[in-house]
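Numbering (the UniProt record's numbering), first residue to last: 1 to 185.
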């Protein structure tokens, strides 16, 4: 048993010890705060200087990722350019082939039209030659009936057509007349 004085003294000792402990705790807390602050400042200086391992490792990973993506983008760009170039060359080649085929088609069309015109002109010329020969023969036969002894009989017969190139056929007059009448029908 303790008397009141002892109790009071003991209480005061405890209060002193408690205040001393609180002061030590506060000092330790301040010291810990300052140490942590200095550590954070040191890390910040390392990050600013680019030397912090916490900074360097993710930075290296990001730079490696960036290089890979840059390479992939460069390869993709080259492939796209090559694809566009190939498409351009294909279109140029297709255009040239189309132009050549159109040219050949046009050439064939013009050639066939010209051949058809030449054939018609030759037929017309041939029919005109036949007609003029018949007409000349008819005139000569009339002259013969009129005057069989006239000196005009020995004159050469001139064609009414203009001189131009012609084809000489080895046909009889009768065959030519039959062909001509068949054509006229």
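Where a beta carbon is used, it is the ideal one built from N, C-alpha and C, also for glycine.
Quick caveat: nothing in here was measured; it's all calculated off a predicted structure.
From residue i to residue j, what does the alpha carbon distance come to, in whole angstroms?
i	j	result
residue 115	residue 104	16 Å
residue 96	residue 80	24 Å
residue 47	residue 53	9 Å
residue 42	residue 18	35 Å
residue 179	residue 112	25 Å
residue 72	residue 86	21 Å
residue 63	residue 83	30 Å
residue 75	residue 89	21 Å
residue 34	residue 45	16 Å
residue 56	residue 28	33 Å
residue 118	residue 127	14 Å
residue 23	residue 38	22 Å
residue 123	residue 93	44 Å
residue 106	residue 184	33 Å
residue 153	residue 173	Unreliable positioning characterises residue 153 in this predicted model, as indicated by a pLDDT of 49, which lies under 50. A coordinate reading is not provided.
residue 49	residue 69	27 Å
residue 9	residue 26	25 Å
residue 175	residue 110	34 Å
residue 13	residue 59	58 Å
residue 125	residue 108	25 Å
residue 158	residue 181	Only weak support exists for where residue 158 lies, its pLDDT of 49 falling under 50; the coordinates are left without a value.
residue 6	residue 21	22 Å
residue 102	residue 121	28 Å
DSSP three-state label for residue i, please.
i	result
residue 41	helix
residue 185	coil
residue 24	helix
residue 108	helix
residue 51	coil
residue 186	For residue 186 there is no data in the structure shown, the boundaries of the chain being 1 and 185.
residue 124	helix
residue 172	coil
residue 6	helix
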